[in-house]
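Q: Structure below; questions to follow.
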Amino acid sequence: SNQDSLFGYYAFVFAMASIVCLGSVVWAHHMFMVGLDVKTSVFFSSVTMVIGIPTGIKVFSWLYMLSGTGVRIWDPVIWGIMG
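Using UniProt numbering, the first residue of the sequence shown is number 1, and each one after it goes up by one.
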């Protein structure tokens, strides 16, 4: 296709929203399986989203950065992302 970027704006929004939804479902499962009450599980779910959203933004911004470059295996940025 004749596009400047590999991923569009809506793809990033959808990907980050799906990370939040999936993380919430996983945490809800874990919190209710160990027998925590609802308030405690909501707290841990909120803390998870506070951590997960910036992580998702970081990962997808790295992918966006790499999509516009000629990536080689010996580039330091690849080893930094993989590490």
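Note that beta-carbon positions come from the ideal geometry of N, C-alpha and C, so glycine has one too.
(1) Given that a residue counts as buried once 16 or more other Cβ atoms are within 10 Å of its Cβ, and exposed if not, what is Trp-27?
(2) Return the chain-ordered list of same chain residues with a C-beta closer than 6 Å to the C-beta of Thr-16, the five sequence neighbours on each side being excluded.
(3) Should the segment 11–25 be called in touch with the segment 40–52, which here means at least 3 C-beta pairs below 8 Å?
(4) Please report how far the alpha carbon of Met-65 lies from the alpha carbon of Trp-79, in whole angstroms.
(5) Going straight from the alpha carbon of Thr-40 to that of Phe-60, what length do you get?
(6) Please confirm whether Gly-52 and Ile-19 have their CB atoms less than 8 Å apart.
A: For this structure:
(1) Under the 10 Å beta carbon count, Trp-27 is surrounded by 16 or more other beta carbons and is classified as buried.
(2) According to the sequence provided, residue 16 is Met. The question's Thr does not apply to it. If we look at Met-16 and ignore the five residues flanking it on each side, its Cβ neighbours are Gly-56.
(3) Note that the segment 11–25 touches the segment 40–52; at least 3 beta-carbon pairs, one per stretch, sit closer than 8 Å.
(4) 15 Å
(5) 30 Å
(6) Contact: yes.
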